[in-house]
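Q: In our numbering, the protein residues as written are 757 to 1029.
Where a beta carbon is used, it is the ideal one built from N, C-alpha and C, also for glycine.
This structure is a prediction, so every number in the text was calculated from the model and none was measured.
After the structure tokens below, expect a handful of questions from me.
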């Protein structure tokens, strides 16, 4: 008879694992993205942290002392080239679950064979999956695309940009939002005016219009409102503003990203790239 394993899900992610007699085996903690495991609590073995690359593939597992417990090396399509594993856990290439018996990855809607770079079945949503080849994995471009659901390739770079914005919000939040007192809140991700758009995407957000340096190039709280950038073309400077005034005109003042309030004056991320 086979071994029974029971899983408890939180949305699309596994959070608890039990054996056939309902004995606790493992607990998994995830980030706010799908397929972003962060922490593993393994019965009888302790706590372990996940480490991943830009594809979201698990490359290492470290214990509470920082010692490497597991390590994984893949080719670009997820073929496992080298594995050293002392802690049994399910997550592997692009953060998906690996079936050691079949050598396949489970992408929710269907299974993926890394040896052929193809799914084993057709895309269940057909041509709506953005590809005329219904078996092909991420348009044959696994470096730049991911497909956590097995139905629709998504650009990895978009996810990376979102993570970068979150980190910028944590770093600069205290200067850009006078309501932030502990520096730990993330004003970029909040919806200050309640219209359903995060501040960094919302030209009507009061946060989006704060951040101009007053010209003294110091590190004081400068609150001169900036005029939203009406030209998202990153190769063109804002009208009535010097070229280094990123994102908003700030009344023609020098919006120095390294002095005073940083440069989040634009209505959208296109103005920063």
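Can you give me the start and stop residues for the beta strand (DSSP E) that residue 764 sits inside?
A: Its beta strand (DSSP E) spans residues 761-766.
Q: What is the DSSP secondary structure of residue 902, counted as helix, strand or coil?
A: Strand at residue 902.
Q: Quick check on residue 789: buried or exposed, where buried means 16 or more other Cβ atoms within 10 Å of its Cβ?
A: Residue 789 comes out exposed.
Q: Assuming the contact rule is C-beta atoms closer than 8 Å, residue 905 and residue 890 should be a hit. Round their C-beta distance to whole Å, please.
A: Contact flag wrong, Cβ pair sits at about 15 Å.
Q: Could you give the uninterrupted runs of the beta strand (DSSP E) lying entirely in the stretch 805-881, keeping only those of 3 residues or more?
A: Segments of the beta strand (DSSP E) lying fully in the stretch 805-881: 814-819, 824-830, 836-841, 853-855, 860-862 and 867-869.
Q: Starting from the C-beta of residue 912, find all residues in its chain whose C-beta is less than 7 Å away, skip the five residues before and the five after it, and write them out in chain order.
A: So the list reads 810, 811, 900, 901 and 902, once near-sequence residues are dropped.
Q: For residue 797, I'd like the list of residues in its chain whose CB is within less than 7 Å of its CB, leaving aside the five on either flank, ordered along the chain.
A: Within the same chain, residue 797 has close Cβ partners 782, 783 and 803.
Q: Bridge partners of residue 1032, per DSSP?
A: Nothing can be reported for residue 1032, as the shown portion of the chain is limited to 757 through 1029.
Q: What separation, rounded to the nearest whole angstrom, lies between the Cα atoms of residue 793 and residue 856?
A: Whole-angstrom Cα-Cα distance: 19 Å.
Q: Between residue 762 and the rest of its own chain, which residues show a CB-CB distance below 8 Å, the 5 nearest in sequence each way excluded?
A: Closer than 8 Å at Cβ, skipping near neighbours: 773, 774, 775, 776 and 778.
Q: On the DSSP letters alone, give me the boundaries of the beta strand (DSSP E) that residue 772 sits inside.
A: Residues 769-775.
Q: Just to confirm my understanding: we take residue 910, look at its own chain, exclude 5 residues before and 5 after, and list those with CB closer than 6 Å. What are they?
A: These residues qualify, in order along the chain: 902.
Q: Is it true that the CB of residue 814 sits closer than 7 Å to the CB of residue 833?
A: No, they are not a contact pair.
Q: Under 7 Å between the Cβ atoms of residue 839 and residue 817?
A: Against a cut-off of 7 Å, the Cβ pair of residue 817 and residue 839 comes out as no contact.
Q: According to DSSP, simplified to helix, strand and coil, what is residue 758?
A: Of the three classes helix, strand and coil, the one that applies to residue 758 here is coil, per DSSP.
Q: Rounded to a whole number of angstroms, what is the C-alpha to C-alpha distance between residue 801 and residue 835?
A: Using only the alpha carbons, I get a separation of about 28 Å.
Q: Classify residue 781 as helix, strand or coil using the three-state DSSP reduction.
A: Three-state result, residue 781: strand.
Q: Excluding the 5 residues preceding and the 5 following residue 768 in the sequence, name in chain order all residues of the same chain whose CB lies nearer than 6 Å to its CB.
A: Once the five neighbours on either side are set aside, the close Cβ partners of residue 768 are 790.
Q: Going straight from the alpha carbon of residue 892 to that of residue 886, what length do you get?
A: Going by the C-alpha atoms only, they are around 11 Å apart.
Q: Sorted by chain position, which residues of the same chain lie with C-beta nearer than 7 Å to residue 785's C-beta, five sequence neighbours on each side aside?
A: Only 794 and 795 meet the Cβ criterion.
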